[in-house]
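Below you'll find the structure, written out as structure tokens, and then a few comments.
Numbering (full-length UniProt numbering), first residue to last: 1 to 272.
In structure tokens form, the structure reads like this:
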């Protein structure tokens, strides 16, 4: 017991200044639970190993190799974004849209770890869920996550900026959490994101920060069923600009705030 108290005190000493006190508490609790079944010598070794990585600001989810999202466990590594709580809100909105609509065809564009697609399929048993990503490494992780969560998702390697209508069926729901952070914003971001998470999934050129929304909305024009819905997670600083871009294509687009009162999502439907 005394040794565990000493380890905890050591964690706080090393990590103060790197994380807030509440974060250190949460990190220590998660690690303690994760290592609880291991022999004590192995626990001590891993505690030290994890502490070294945490001090370098590597995300805990990457260190442990998994994250929780929508009550499911997902394998993560440096090829995929760590699932965020805000994105759980996006999944919830889609489930509310589909709750009384069986046999929905759904496409997740830029699936990463597969967290959106897999969570939707887990909660919509009759839905046909498709997901694509440009990264083969990300798709490998998504495949593993689908298997481990016992759902069938149809994965495909493709480029979100060059989607061809004929390569896909029509969908009732298209969802995307695309790269939307301008490269110039890197300097204002935490090291645990910039240094460890995949830039391919995060950043866009300053000259055209809405390029993914532009191309995906064009694809949705041809590949959404009548009354189909397009859902986006968006850059909170570009809400109005994103909404206007989508509306100019003929969609009725609504900005939705997240639980922190940030403009975080867009729900769009084609005008009849």
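Even for Gly, the Cβ is constructed at its ideal location relative to N, Cα and C.
Option in the options with minimal Cα separation from residue i
| i | options | result |
| --- | --- | --- |
| residue 179 | 37, 113, 241, 210 | 210 |
| residue 11 | 260, 50, 39, 42 | 50 |
| residue 232 | 124, 205, 107 | 107 |
| residue 181 | 170, 169, 208 | 208 |
| residue 63 | 71, 70, 47, 72 | 47 |
| residue 71 | 120, 97, 55 | 120 |
| residue 17 | 240, 57, 26, 114 | 57 |
| residue 156 | 177, 114, 149 | 114 |
| residue 185 | 37, 4, 111, 237 | 237 |
| residue 68 | 85, 223, 239, 97 | 85 |
| residue 169 | 224, 27, 205, 14 | 224 |
| residue 214 | 149, 172, 250 | 250 |
| residue 150 | 226, 118, 126 | 118 |
| residue 167 | 38, 222, 205 | 222 |
| residue 73 | 100, 36, 116, 110 | 116 |
| residue 216 | 188, 226, 245 | 245 |
| residue 101 | 266, 263, 227, 264 | 227 |
Alpha helix (DSSP H) segment containing residue i, residue limits
| i | result |
| --- | --- |
| residue 118 | 115-123 |
| residue 258 | Neither: residue 258 is in no alpha helix (DSSP H) and is coded neither H nor E. |
| residue 144 | 136-148 |
| residue 27 | 21-35 |
| residue 54 | 40-55 |
| residue 215 | 211-223 |
| residue 185 | Neither: residue 185 is in no alpha helix (DSSP H) and is coded neither H nor E. |
| residue 244 | 239-247 |
| residue 97 | 85-98 |
Sequence-distant residues of its chain with Cβ nearer than 6 Å to residue i (five each side left out)
| i | result |
| --- | --- |
| residue 75 | 66, 141, 144, 145 |
| residue 269 | 229, 252 |
| residue 235 | 180 |
| residue 247 | 253 |
| residue 27 | 60 |
| residue 82 | 59, 61, 67, 76 |
| residue 275 | The structure shown does not extend to residue 275, since the chain is modelled only from 1 through 272, so no value can be given for it. |
| residue 111 | 117, 131, 133, 142 |
| residue 7 | 47 |
N- and C-terminal bounds of the beta strand (DSSP E) containing residue i
| i | result |
| --- | --- |
| residue 133 | 128-133 |
| residue 79 | No beta strand (DSSP E) holds residue 79; DSSP gives it neither H nor E. |
| residue 156 | 154-157 |
Sequence-distant residues of the same chain with beta carbon closer than 8 Å to residue i, five excluded per side
| i | result |
| --- | --- |
| residue 2 | Confidence at residue 2 is low in this model, with a pLDDT of 42, below 50, so its placement is unreliable and no value can be given for it. |
| residue 241 | 210 |
| residue 154 | 128, 129, 130, 131 |
| residue 165 | 219, 222, 223 |
| residue 5 | none |
| residue 271 | 250, 251, 252 |
Cutoff 7 Å; reference residue i; Cβ partners in own chain excluding five residues on either side
| i | result |
| --- | --- |
| residue 137 | 79 |
| residue 220 | 174, 230 |
| residue 123 | 95 |
| residue 261 | none |
| residue 53 | 63 |
| residue 104 | 98, 124, 127, 172, 173 |
| residue 55 | 14, 15, 18 |
Beta-ladder partner(s) of residue i, from DSSP
| i | result |
| --- | --- |
| residue 233 | 265 |
| residue 174 | 107, 230 |
| residue 67 | 74 |
| residue 16 | 19 |
| residue 163 | The partner list for residue 163 (beta bridge, DSSP) is empty, contrary to what the question assumes. |
| residue 270 | 251 |
Taking one C-beta from the segment 128-145 and one from the segment 155-162 each time, how about it: are there three or more such pairs within less than 8 Å?
-> These segments touch.
Quick one: any contact between the segment 248-260 and the segment 85-100, if contact means 3 or more CB pairs under 8 Å?
-> When C-beta atoms of the segment 248-260 are compared with those of the segment 85-100, three or more pairs fall below 8 Å, so the two segments count as touching.
Could you tell me whether the segment 38-48 touches the segment 15-24, where touching means 3 or more Cβ pairs closer than 8 Å?
-> These segments do not touch.
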